[in-house]
Amino acid sequence: MQGFVRRTGARFYDSAVIWALVFTAVRTGGNLLVLPLLLHKLSPDEMGLWYVFLSLSGISAMIDLGFSATMTRVTAFLWAGAQDIPAMGVPSVESESTGPNYRLLAELVQTMRLYYRAAGVVVTLLLATAGTMWIIHRIQTLSHSRWLLMAWLLFLPGVLINTTSGMWHPLLSGINRVRLNQQILVYGLVVNYIAIFTGLLLGAGLLAPVTGYLLMGLIARNAARVPFRKLTNASRYDGISGSVKMLRTLWPTAWRTGIVTLGLYATINLNTLICFLFLGLKATASFGVSLQLALAATGVANTFVAVKIPLISQMRARLQTQAISGLVFSRLRFFWIAFLGFSSLAISCGHLVFRDILHSNTPLLSTPMLVVLFVVIGLEAHHAIFREITLTSHFNPFATPVIVSAIMIVILSLALVQWIGLWGLILAPGLVQICFNNWWTVAVGLRSMDSSLGNYARGLFGRLPVAHSIIPSLH
């Protein structure tokens, strides 16, 4: 019996999916533990301002320009033994015995270190100038405005650290160390929540979550960098420098991914800022908390597929495209089960928990609004999975559709928010996405796996033919 328990425990500990779920559970559970204290210790104005901080920090994702996701794919190709990196398309690895290309991987790392340092400085300077002026203008009539400004000024180095350290997570995932990466993210979250909880109890106010954000970036940087260098024999190639040639090779797919990231920022974060501008901080707090619940639901559900993205990249490099659908469709079954279960729980019990248990000063959106919000975010997350699967082919056809959709969402949100308030911010993304991206992206993803909608349905509700369900053993 003890042997069985040990084997089961070891299997769970070694599972990337389990650790991804642990990360999601810690993130969600930590939010549930910290959120009541945030709602109790912070005023609705401060809560709204915190969500504005987080939305503005999303600018760093735009300056990333898509290199993060591209870096994960390219790292996976090199780890599978690719001898070169094509500007577009997947490099084939003919021999199963081919080892990782450590030398080219070292050049990739050095190039990205230079890029992310520059990106971190640019985004921090941007926020330190224009962002500070905007924040000062918005908080000047609020009580404790000096403390709020201090929180913002501490938030700026947090943005710098989190931006520059962000490269190590996709690198670890790219060498198929997803479990280790998830463990590091869990440790960072724990430190973040401890800092928030302690700071709020000591009366630090908005400085508490800002300090947690800063410490999380510091932990993530060091904890991810050290094992990556050890696993990739980096000390042997410390003399290799970054190159403009490497950047030029990555650029064709990176800028397209960056456009997609920009569009995703517009569909989520800009609506929070629009809410702040037109409806005030209290409405922003309710919208932000409700959106956080919906994103938590998709975060849990998406875990089952997300942890296998690096493996899918390696499968493409080894010309095992048909096996991908067998891996993906069975996991999409768990995606829908998890999302629908979490959504039902949040919608049916959320108001009761916030009102009677948490005694929150910030209420959730009304039940009809919550239902529509969860549907919109769920459909977005569903087609995002197929977008990520397509991107593992080192080909990105999504730049134009996403940016056009983002522009339409912003325009429609600005029009509707003045007419129907919060309903406009919820309906605008849903209406735009259902017209094209919700279904077209899925179709493109299916074609990239040499599969079809029928196979998808059979994979969800039954079993695929054997030819589609063979999963290679890659490490």
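Take the sequence shown: its position 127, counting from 1, is numbered 1228 in the numbering used here, and each next residue is one higher.
Every residue, glycine too, gets a C-beta built ideally from N, C-alpha and C.
The structure displayed is predicted, hence computed values, not measured ones.
Secondary structure of residue i, DSSP reduced to three states
i	result
Gln1241	coil
Ser1553	coil
Asp1146	helix
Ala1305	coil
Gly1560	helix
Arg1488	helix
Phe1178	helix
Thr1173	helix
Lys1409	coil
Ala1183	coil
Phe1499	coil
Asp1457	helix
Thr1385	helix
Ser1431	helix
Thr1463	coil
Thr1233	helix
Ala1188	coil
Leu1420	coil
Ala1568	Interpretation of Ala1568 is limited by its pLDDT of 38, a score under 50 that renders its predicted location unreliable; no figure is taken from the coordinates.
Asn1370	helix
Ser1506	helix
Met1268	coil
Trp1120	helix
Gly1531	helix
Arg1247	helix
Ile1521	helix
Pro1201	coil
Close-in-space but distant-in-sequence residues of the same chain around residue i (CB under 8 angstroms, 5 per side omitted)
i	result
Met1172	Leu1209, Met1213, Met1268, Pro1271, Leu1272, Gly1275, Leu1351
Leu1226	none
Gly1525	Leu1513, Ser1514, Ala1516, Leu1517, Val1518, Gln1519
Ile1341	Arg1204, Ala1207, Glu1208, Gln1211
Integer-rounded CB distance, given that residue j should sit under 8 angstroms from residue i
i	j	result
Asn1277	Leu1412	6 angstroms
Ile1297	Gly1318	Wrong, their Cβ atoms sit about 14 angstroms apart, outside the cutoff.
Leu1433	Val1406	7 angstroms
Thr1514	Ile1425	It should be noted that the sequence gives Ser, not Thr, for residue 1514. At roughly 36 angstroms, the Cβ-Cβ gap does not stay under 8 angstroms, so Ser1514 and Ile1425 are not in contact.
Val1511	Leu1378	Not really, about 12 angstroms apart at Cβ, beyond 8 angstroms.
Thr1491	Val1545	6 angstroms
Thr1578	Gly1221	Lying before the first or after the last residue shown, residue 1578 is absent from the chain, which here runs from 1102 to 1576.
Met1189	Pro1353	6 angstroms
Leu1315	Gly1259	4 angstroms
Top-ranked residue by Cα proximity to residue i, from the options
i	options	result
Val1153	Tyr1216, Thr1176, Pro1187, Arg1239	Arg1239
Tyr1338	Val1505, Met1189, Ser1414, Ala1207	Ala1207
Phe1496	Ala1355, Val1543, Phe1435, Val1518	Ala1355
Glu1147	Pro1192, Leu1250, Ala1500, Ala1529	Leu1250
Ala1181	Pro1201, Ala1424, Arg1326, Ala1321	Pro1201
Val1484	Ile1458, Arg1559, Leu1513, Ala1402	Checking the sequence shown, residue 1484 turns out to be His, not Val. Out of Ile1458, Arg1559, Leu1513, Ala1402, Ala1402 has the C-alpha closest to the C-alpha of His1484.
Leu1396	Asn1556, Ala1482, Arg1559	Ala1482
Ala1219	Val1287, Ser1266, Arg1349	Ser1266
Asp1185	Leu1143, Tyr1203, Phe1168	Tyr1203
Thr1404	Ser1336, Phe1440, Ile1320, Leu1301	Phe1440
Val1477	Ser1549, Ala1529, Ser1431	Ala1529
Thr1468	Asp1457, Arg1488, Leu1446, Pro1498	Leu1446
Gly1381	Met1550, Leu1228, Leu1122, Leu1523	Leu1523
Thr1362	Leu1155, Gly1167, Leu1136	Gly1167
Ile1527	Asp1457, Phe1499, Met1470	Met1470
Ile1282	Tyr1216, Arg1419, Ala1325, Ser1244	A quick correction: the sequence has Asn, not Ile, at residue 1282. Taking only the C-alpha atoms, the option nearest Asn1282 is Ala1325.
Trp1235	Val1223, Leu1254, Tyr1217, Val1135	Leu1254
Ala1537	Ile1438, Glu1489, Phe1499, Leu1122	Here residue 1537 turns out to be Phe, not Ala, going by the sequence shown. Among Ile1438, Glu1489, Phe1499, Leu1122, the Cα nearest to that of Phe1537 is on Phe1499.
Residues near residue i by beta carbon distance below 6 angstroms, same chain, minus five either side
i	result
Gly1451	Leu1465
Phe1562	none
Asn1293	Gly1313, Met1317
Phe1435	Phe1405
Ser1169	Pro1271
Ala1177	Gly1275, Pro1411, Ser1414, Gln1415
Asp1551	Thr1422, Gln1423
Phe1443	Ala1398, Val1401
Close Cβ partners of residue i (< 7 angstroms) along its chain, the five nearest in sequence each way excluded
i	result
Ser1387	Thr1463, Pro1464, Leu1465, Leu1466
Leu1565	For Leu1565, the predicted structure reports a pLDDT of 49, less than 50, and the residue's modelled location is therefore unreliable. The matter cannot be settled from this model.
Gln1284	Trp1120
Asn1539	Leu1480, His1484
Gln1534	Leu1480, Glu1481, Ser1506
Leu1157	Leu1228, Gly1232
Gly1300	Leu1308, Ala1309, Thr1312
Val1543	His1484, Phe1487
Ser1494	Val1191, Arg1417, Ser1549
Ala1384	Cys1376, Leu1523
Pro1145	Leu1382, Lys1383, Ala1386, Asn1462, Thr1463
Gly1364	Val1503, Ile1504, Ser1506, Ala1507
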